[in-house]
Amino acid sequence: MLYSVVIPCYRSDQTIEHVVDQTREEMVRLGRANVEFVLVNDCSPDGGKTIQVLRKMAAEHRDVKVIDLARNSGQHNALMAALRHADGDVIIGMDDDGQTHPSQLGKLFETFDQGYDLVYGYYPEKKHNWFRNLGSKFNDLTINMMINKPKDVRTSSYFLVRKFVRDYAIQYKGSYTYLLGLFMRCTQNIASVPIRHFEREVGESGYTLGQLIRLWSSVLGFSVIPLRMASIAGFFFAGVGFIMAIVVFLMKFMRPDMSMGWPSLMCAITFFFGLNFMFLGMIGEYLGRMFLGMNREPQYVIKAMYNVSASAECDVDIDREVNRGEEIF
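Heads up: the sequence shown begins at 1151 in this note's numbering, then just goes up one per residue.
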């Protein structure tokens, strides 16, 4: 059985080689030595340091495949590029910073071998700041609601998934990729395992607040619940406004000398206009994504590949949308 480790790389010139070496050693220790690594450079803005390290690794190790993207496409789109070039019967998703530590693989495999199609590692205690942890809790709450994720399943970027699930997931062509949504379309035979969350080996997270919001918003492509919530809220506030109008009319009828409050009226108008624009923006987000889909915006653009042969690529329609670069080694 072949195992494929897929890792998106972003400013990871100081960490990725150590992560790969540790993972290779741990897989040998677990008796699963037949492993390959698919590393995707997500256009790291570091003056070419990351791709230089990745090219060196590909030259020295035949089990290391490297894909260099021409522009930054985001973690999930970079993972889609890796998944399409992974040949393994089991795919292992990890990060490039050492926080998804190889020493925890045994715990994941112990559950995976019970017959699950997808196993996530989750962190009871995260090595993030309070703001990032708060955002994670909000993300879990909204994801549970919007894509009907089982409440007892907790997720992260550390996972094991079977090849047939990957084969269905990579048929997705939209530019707003959300892997959990894609995986849940394929199977509900999912489990999660508590694991230790390690400190980053070097540096800090490359995610800005805007990038985190964009990543979270990718779930909109897999649920219409926000639109339904907008409709429900619209009916609710319309009903409240109608009732308030009746109350004001009766009060004015009983007390003709009652003065109408201009400030309260302005507050109400401002609130409801803001609510309307928020819902219009939400609808516009859905329409915008439909527009981008119709214009066939690519998930990623490949600049070059190393240790990757054309025959190893998955035969899916998306390949016609993605520019292919040179193949080396």
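By construction, the Cβ of each residue, glycine as well, lies at the ideal position given by its N, Cα and C atoms.
Taking the Cβ atoms as the reference, Val-1156 lies roughly 6 Å from Ile-1241, within the contact range of under 8 Å. Ranked by how close their Cα comes to the Cα of Val-1451, the residues Ser-1306, Ser-1325 and Val-1269 have Ser-1325 in first place. Across the set Val-1203, Gly-1248, Phe-1423 and His-1211, the C-alpha of Val-1203 shows the shortest separation from the C-alpha of Asp-1218.
Put simply, of Gly-1265, Tyr-1273 and Thr-1327 the residue whose alpha carbon is nearest the alpha carbon of Val-1311 is Gly-1265. Counted as a single uninterrupted DSSP element, the beta strand (DSSP E) harbouring Lys-1453 occupies residues 1452-1456. Around the beta carbon of Ser-1162, 16 or more other beta carbons sit within 10 angstroms, so the residue counts as buried.
Nearest to Asp-1247 by C-alpha distance, out of Asp-1237, Phe-1423 and Glu-1349, is Glu-1349.
Bridge partners of Arg-1312 according to DSSP: Val-1240. Inter-residue distance for Arg-1346 and Pro-1274 is about 8 Å (C-alpha atoms, whole angstroms). By the Cβ-count criterion, Asp-1192 is buried, with 16 or more other Cβ atoms from all chains shown falling within 10 Å of its own Cβ. The DSSP-derived three-state label of Gly-1271 is strand.
Rounded to whole angstroms, the gap between the alpha carbons of Lys-1215 and Tyr-1456 is 6 Å.
Per the C-alpha coordinates, the member of Phe-1423, Tyr-1322, Asp-1237 and Asp-1239 positioned closest to Arg-1446 is Tyr-1322. The DSSP-derived three-state label of Ser-1154 is strand.
Rounded to whole angstroms, Gln-1249 and Val-1458 show a C-alpha spacing of 27 Å. When C-alpha distances from Tyr-1318 are compared across Thr-1305, Phe-1309 and Met-1334, the shortest belongs to Met-1334. Residues Gln-1172, Thr-1173 and Glu-1176 of the same chain have their beta carbon placed closer than 6 Å to that of Pro-1252, with the five preceding and five following residues left out of the count. Under DSSP, Glu-1186 forms a beta bridge with Ser-1154. For Lys-1199, the three-state secondary structure derived from DSSP is helix.
Bounds of the beta strand (DSSP E) holding Val-1214 are 1214-1219.
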